[in-house]
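See structure below.
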Ligand SMILES: Cc1ncc(COP(=O)(O)O)c(C=O)c1O
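Numbering (our numbering), first residue to last: 1 to 412.
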């Protein structure tokens with residue numbers, strides 16, 4: 001597209017000055033020659049594997065699993081949910097050790113923590129949440145409400161933005177048990193003001209449970225400093241843990257003794273191998289674990305955590321803003337006339353690491369993009385979500401996607 005040649009030039013300049021460009025070389029290539037993916041803009045859904053992870057998985061098969069066999073449980077696997085949790089907590093969540101574990105799926109950890117938060121004070125019968133939150137969060141909350149008799153208080157933020165503290169302030173009160181929200185909204189990419197929302201919730205004694213799936217690894221969390229009570233997140237998006245890699249859960253130290261999670265499995269027991277008659281919760285975060293840790297799914301997470309530390313979260317965030325701003329500017333300038341709209345926040349500090357664009361024919365366009373090896377996500381009703389993973393995405397790659405979209409909207 002000749003009109004996009006200026007965008008291509010700008011992309012080359014941005015790639016040349018990208019301070020964390022070296023991280024792109026650390027990923028497994030996306031195919032070879034004509035079959036290669038041309039632009040992968042779905043790292044916010046399934047992150048790409050790191051070369052180091054390939055090594056690590058092979059080493060696991062040959063070593064810890066293949067030859068050390070069951071002895072490996074005593075040689076690190078038993079504690080991996082907590083040791084990996086601490087490492088992820090330190091680098092990604094900005095929290096002190098002893099407050100993070102890895103295991104289960106996000107859905108299950110969410111259930112465990114939401115159920116525990118409600119049970120903490122049965123005098124408080126309300127869960128505040130919003131209609132723009134990810135389906136699993138809404139469905140789990142519906143299940144917890146049905147199970148406990150709690151009432152759900154729904155907020156309806158605009159689809160192209162998200163929750164603001166003032167909305168929450170209007171509905172929280174002495175009867176609120178917990179405010180459940182996503183730090184970054186899965187459709188719009190809106191970054192909720194977690195600090196202010198936590199202040200508002202705490203002012204009436206409610207807990208805050210944050211879903212960090214779309215923020216972990218690309219937006220600073222600093223949960224300890226913000227005073228967030230509970231958090232969950234997945235590791236297969238920006239943390240590149242691999243398909244179905246387990247989730248992480250954060251429980252602020254001050255709550256660990258008093259919260260009781262509902263899936264009391266043997267691995268959360270104070271002494272699992274005593275195999276005694278009754279459940280006795282382990283100390284600290286161990287009590288939030290339920291069953292056997294999914295070791296295979298965990299091994300890749302540490303590699304991205306290391307890479308995030310090497311690149312630095314501030315530089316990652318800077319590149320994320322630059323990538324999303326680059327997309328918004330190009331869409332405004334070159335695609336708006338063809339009916340493409342940006343439905344993500346325009347304010348840099350309120351936007352996570354994806355940009356959703358809308359067009360009446362998004363569904364067909366997205367299917368055609370996939371056929372042409374350009375991979376974003378379709379999101380109902382008419383959104384194409386362009387996920388921009390700062391560690392693996394180049395400005396050149398984004399330009400390829402924009403050029404292809406421009407061609408398709410024009411021929412549609
Ligand atoms: C914001 C958000 N929360 C929760 C989930 C569900 O996670 P899981 O399928 O791992 O349980 C997802 C999955 O994409 C998500 O994006």
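We treat Cβ as the ideally placed atom computed from N, Cα and C, and that holds for glycine.
These numbers were taken from a predicted model, which means no experiment stands behind them.
| message | When you compare the CB positions of residue 301 and residue 241, do they come within less than 7 Å of one another, or not? | response | yes
| Cβ pair count under 8 Å reaching 3, the stretch 81-98 against the stretch 174-183 | no
| residue 160 (DSSP reduced to helix, strand or coil) | coil
| field | Boundaries (first-last residue) of the alpha helix (DSSP H) holding residue 65 | value | Unbroken run through residue 65: none, as it is neither H nor E.
| message | Let me check you understand the geometry: is the CB of residue 186 closer than 6 Å to at least one non-hydrogen atom of ligand 1? | response | yes
| Leaving out five residues before and five after residue 68 in sequence, what residues of the same chain have Cβ atoms less than 7 Å from its Cβ? | 75
| said: Looking only at its chain, what residues have a beta carbon closer than 6 Å to the beta carbon of residue 379, apart from the 5 residues adjacent to it on each side? | reply: 187 and 385
| query | Roughly how many angstroms lie between the CA atoms of residue 25 and residue 391, to the nearest whole one? | reply | 9 Å
| message | Less than 6 Å separating the Cβ of residue 134 from some heavy atom of ligand 1? | response | yes
| Cα-Cα separation between residue 15 and residue 243, rounded to whole angstroms | 28 Å
| task | List the whole-angstrom C-beta distance separating residue 200 from residue 230, where the pair is believed to meet the contact cut-off of C-beta under 8 Å. | result | Incorrect: roughly 16 Å between the Cβ atoms, too far for contact.
| task | Measure how close the beta-carbons of residue 399 and residue 4 come, nearest whole angstrom, since I'm counting them as under 8 Å. | result | 7 Å
| query | Within the chosen definition, does the stretch 232-241 reach the stretch 102-112 through at least 3 CB pairs nearer than 8 Å? | reply | yes
| For residue 249 and residue 30, the rounded distance between their alpha carbons | 31 Å
| query | From residue 366 to residue 137, what does the alpha carbon distance come to, in whole angstroms? | reply | 26 Å
| query | Quick one: what does DSSP say residue 221 is sitting in, helix, strand or coil? | reply | coil
| said: Can you tell me whether residue 356 sits near ligand 1, meaning its C-beta is under 6 Å from at least one heavy atom of the ligand? | reply: no
| Contact between the stretch 367-376 and the stretch 336-351 (3+ Cβ pairs under 8 Å) | no
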